[in-house]
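A.B. asks: There's a structure below that I have some questions on.
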């Protein structure tokens, strides 16, 4: 039975892209790209701490169809601007072999402050994420949905996994990005809040004690936005394919809509301790779609592919009203064929290396034997000396 009165929740999508050369090597080019893109894309394109990273954000989208057009335009425009200089964008949660010490740093006061606060924790932040905002005007509803949607964070991570490699090594995890990101303070699964006021008091306490200057420095996997009437899902690795990005965004929008429909029926959704959700998150990090997550209600392990079917069943009665059935059902393709992490691992196993064409017999996943010039000797100094590249078949 289709749900009636399904809330039409707006969505916004932010993607963090890698800037790479023809061989797949990270290239510090964001300042030049920003200057070229601003006339066409305005403030939708933003710098990140590393100059080999660029963030692209959609406008506020009424539905997934608008989001599709926005994502296609953003990716297409960036690709077109980079092509004449032999560069391109790539999308995955980590780069297979580039080293954080080789990256040029964006000269901005914000990043200098963050470096002073976080030291090597932020210097090592050569990772790439997908953030999805869902507009929920009522602030109490924002907190209630956050409390209940936490349960689905490991599922969304498993579906999005795209970071199996780190510093030219196979990590054995499908999302090593989460390991790097988890070193930050105020990350992971958010606690439960009884009201928006309780959450607001929590933020105010951190501000008063000099821990943060505003709510943007609370970096949970899911959070109320500090300035806008949205909740922001931050758990996903960067999605390699457009269809993967849209599938994840549509799933997130549908989960929120379904939880609000249940709330209107006074049914609600069971809540679980962050420590239990974290158990599932670790399983998702480790195995992606091959993982077995815990069904806490049944108190048993369930394969993630079976949970994908259950997730589609859970949101089935709202997706037609949202106009996102095609996008959410792409999850069936991901469950069948695997995630970006699975594709990357497959290529690595088939070829024995992480670059398009091996230049020497030593496997490219072997740790480096020499130390290059280190960009992080001081922000913005030095030049990159890494020469490896990775395949484009991801």
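In the numbering used here, the protein residues as written are 63 to 456. Where is the CB? At the ideal position from N, CA and C, for every residue including glycine.
Do residue 194 and residue 310 have their C-beta atoms closer together than 9 Å?
C.D. replies: The residue you call residue 194 lines up with position 132 of the chain shown. The residue you call residue 310 lines up with position 248 of the chain shown. Yes.
A.B. asks: Excluding the five sequence neighbours on either side, which residues of its own chain have a C-beta within less than 6 Å of the C-beta of residue 113, listed in chain order?
C.D. replies: One-based indexing of the chain shown puts residue 113 at position 51. So the qualifying residues of the chain are 90, 92, 166, 168.
A.B. asks: Below 8 Å CB to CB, which residues in the same chain sit around residue 264 once its five sequence neighbours on both sides are set aside?
C.D. replies: Position 202 of the chain shown holds residue 264. So the list reads 255, once near-sequence residues are dropped.
A.B. asks: Suppose only complete runs of 4+ residues qualify. What are the alpha helix (DSSP H) ranges in the region 319-368, listed by chain order?
C.D. replies: 336-349
A.B. asks: Per DSSP, residue 67 is paired with what?
C.D. replies: Position 5 of the chain shown, counted from the start, is the residue given in the question as residue 67. Answer by DSSP bridge pairing: none, since residue 67 is not bridged.
A.B. asks: Give the straight-line distance between the Cα atoms of residue 84 and residue 142, rounded to the nearest whole angstrom.
C.D. replies: Along the chain shown, one-based indexing puts residue 84 at 22. Along the chain shown, one-based indexing puts residue 142 at 80. When rounded, the distance between both Cα atoms is 14 Å.
A.B. asks: Among the residues of its own chain, which have a CB less than 8 Å from the CB of residue 249, if the five just before and after it don't count?
C.D. replies: Stepping through the chain shown from its first residue, residue 249 is reached at position 187. Excluding residues within five positions, the ones whose Cβ falls inside 8 Å are 243, 281, 282, 283.
A.B. asks: Report buried or exposed for residue 236, applying the criterion of at least 16 other Cβ atoms within 10 angstroms of its Cβ.
C.D. replies: Residue mapping note: residue 236 aligns to position 174 of the chain shown, counting from 1. Residue 236 is buried by the Cβ-count criterion.
A.B. asks: How many Å lie between residue 340 and residue 298 at the Cα?
C.D. replies: Position 278 of the chain shown, counting from 1, holds the residue named residue 340. Position 236 of the chain shown, counting from 1, holds the residue named residue 298. Their Cα atoms are separated by approximately 15 Å.
A.B. asks: Are the beta-carbon atoms of residue 285 and residue 272 separated by less than 9 Å?
C.D. replies: On the chain shown, position 223 is the one that residue 285 refers to. On the chain shown, position 210 is the one that residue 272 refers to. Taking 9 Å as the Cβ cut-off, residue 285 and residue 272 do not qualify as a contacting pair.
A.B. asks: By the 10 Å Cβ neighbour count, where 16 or more other Cβ atoms means buried, how is residue 300 classified, buried or exposed?
C.D. replies: To locate residue 300, count along the chain shown from 1; it is residue 238. Classification of residue 300: buried, given that the 10 Å Cβ count is 16 or more.
A.B. asks: Identify, in the order they occur along the chain, each residue of the same chain with its Cβ nearer than 7 Å to the Cβ of residue 71, setting aside the five sequence neighbours on each side.
C.D. replies: Here residue 71 corresponds to residue number 9 of the chain shown, with the count starting at 1. Closer than 7 Å at the Cβ level, and outside the excluded window around residue 71, lie 196, 197, 198, 315, 318, 319.
A.B. asks: Go through its chain and collect everything with a Cβ distance to residue 262's Cβ below 7 Å, but skip five positions before and after it.
C.D. replies: Sequence index remark: in the chain shown, residue 262 carries index 200 (1-based). Result list for residue 262: empty, nothing under 7 Å.
A.B. asks: Looking at residue 257: is its Cβ nearer than 9 Å to the Cβ of residue 155?
C.D. replies: Position 195 of the chain shown, counted from the first residue, corresponds to residue 257. Position 93 of the chain shown, counted from the first residue, corresponds to residue 155. No, they are not a contact pair.
A.B. asks: In this structure, how does DSSP classify residue 195 when only helix, strand and coil are distinguished?
C.D. replies: Against the chain shown, residue 195 aligns to sequence position 133. Reduced to three states, the DSSP call for residue 195 is strand.
A.B. asks: Can you tell me whether DSSP reads residue 176 as helix, strand or coil?
C.D. replies: One-based indexing of the chain shown puts residue 176 at position 114. Three-state result, residue 176: helix.
A.B. asks: Can you tell me which residues form a DSSP beta bridge with residue 232?
C.D. replies: Start at 1 with the first residue of the chain shown, and residue 232 comes out as number 170. DSSP, once it has assigned bridges, lists 227 as partnering residue 232.
A.B. asks: I'd like to check one pair, residue 110 with residue 78: are the Cβ atoms closer than 9 Å?
C.D. replies: Here the question's residue 78 lines up with position 16 in the chain shown. Here the question's residue 110 lines up with position 48 in the chain shown. A contact, by the Cβ cut-off of 9 Å.
A.B. asks: Taking residue 128 as part of the beta strand (DSSP E), name the residues at either end of that continuous run.
C.D. replies: For the purposes of this step, residue 128 is identified with residue 66 of the chain shown, where counting begins at 1. Taken as a continuous stretch (DSSP letters only), residue 128 belongs to no beta strand (DSSP E), being part of the alpha helix (DSSP H) at 126-144.
A.B. asks: May I have the straight-line CA-CA distance separating residue 204 from residue 120, to the nearest angstrom?
C.D. replies: Counting from 1 along the chain shown, the entry for residue 204 is found at position 142. Counting from 1 along the chain shown, the entry for residue 120 is found at position 58. Distance between the alpha carbons of residue 204 and residue 120 is about 21 Å.
A.B. asks: I think residue 266 touches residue 402, with their Cβ atoms under 8 Å apart; what is that distance to the nearest whole Å?
C.D. replies: Along the chain shown, one-based indexing puts residue 266 at 204. Along the chain shown, one-based indexing puts residue 402 at 340. About 39 Å separates the two Cβ atoms, so there is no contact after all.
A.B. asks: Count the other CB atoms, across all protein chains shown, that sit within 10 Å of the CB of residue 360; report buried if there are 16 or more and exposed otherwise.
C.D. replies: Within the chain shown, residue 360 is the residue found at index 298, counting from 1. Flag for residue 360 reads exposed.
A.B. asks: At the level of alpha carbons, what is the spacing between residue 304 and residue 175?
C.D. replies: Locating residue 304 in the chain shown gives position 242, counting from the first residue. Locating residue 175 in the chain shown gives position 113, counting from the first residue. Each residue's Cα considered, the two are about 34 Å apart.
A.B. asks: Leaving aside the five residues before and after residue 268 along the sequence, list all residues of the same chain whose C-beta is less than 6 Å from its C-beta, in chain order.
C.D. replies: As a first step, residue 268 must be located in the chain shown, where it is residue number 206. Result list for residue 268: 274, in chain order.
A.B. asks: Could you pull out every residue in the same chain whose Cβ sits closer than 8 Å to the Cβ of residue 374, ignoring the five residues on either side in sequence?
C.D. replies: Taking the first residue of the chain shown as 1, we reach residue 374 at position 312. For residue 374, where only same-chain residues beyond five positions count, the Cβ hits under 8 Å are 390, 391, 393, 394.
A.B. asks: Let me know if residue 100 comes out buried or exposed under the rule of 16 or more other beta-carbons within 10 Å of its beta-carbon.
C.D. replies: Residue numbering aside, residue 100 sits at position 38 when the chain shown is read from its first letter. Residue 100 should be labelled exposed.
A.B. asks: Measuring alpha carbon to alpha carbon, tell me which of 207, 73, 386, 302 ends up nearest residue 122.
C.D. replies: Here residue 122 refers to the residue found at position 60 when the chain shown is read from its first residue. The residue with the shortest Cα to Cα distance from residue 122 is 73.
A.B. asks: Comparing C-alpha positions only, which one of 133, 125, 226 sits nearest to residue 117?
C.D. replies: As a position in the chain shown, residue 117 is number 55, starting the count at 1. Comparing Cα-Cα distances from residue 117 to each of 133, 125, 226, the minimum goes to 133.
A.B. asks: Which residue marks the beginning of the beta strand (DSSP E) containing residue 292, and which one marks its end?
C.D. replies: Along the chain shown, read from residue 1 onward, the residue named residue 292 stands at position 230. Element bounds for residue 292: 292-299.
A.B. asks: Given a cut-off of 9 Å, decide if residue 180 and residue 246 are closer than it, judged by their beta-carbon atoms.
C.D. replies: For the purposes of this step, residue 246 is taken as residue 184 along the chain shown, with counting starting at 1. For the purposes of this step, residue 180 is taken as residue 118 along the chain shown, with counting starting at 1. Yes, Cβ-Cβ distance for residue 246 and residue 180 is below 9 Å.
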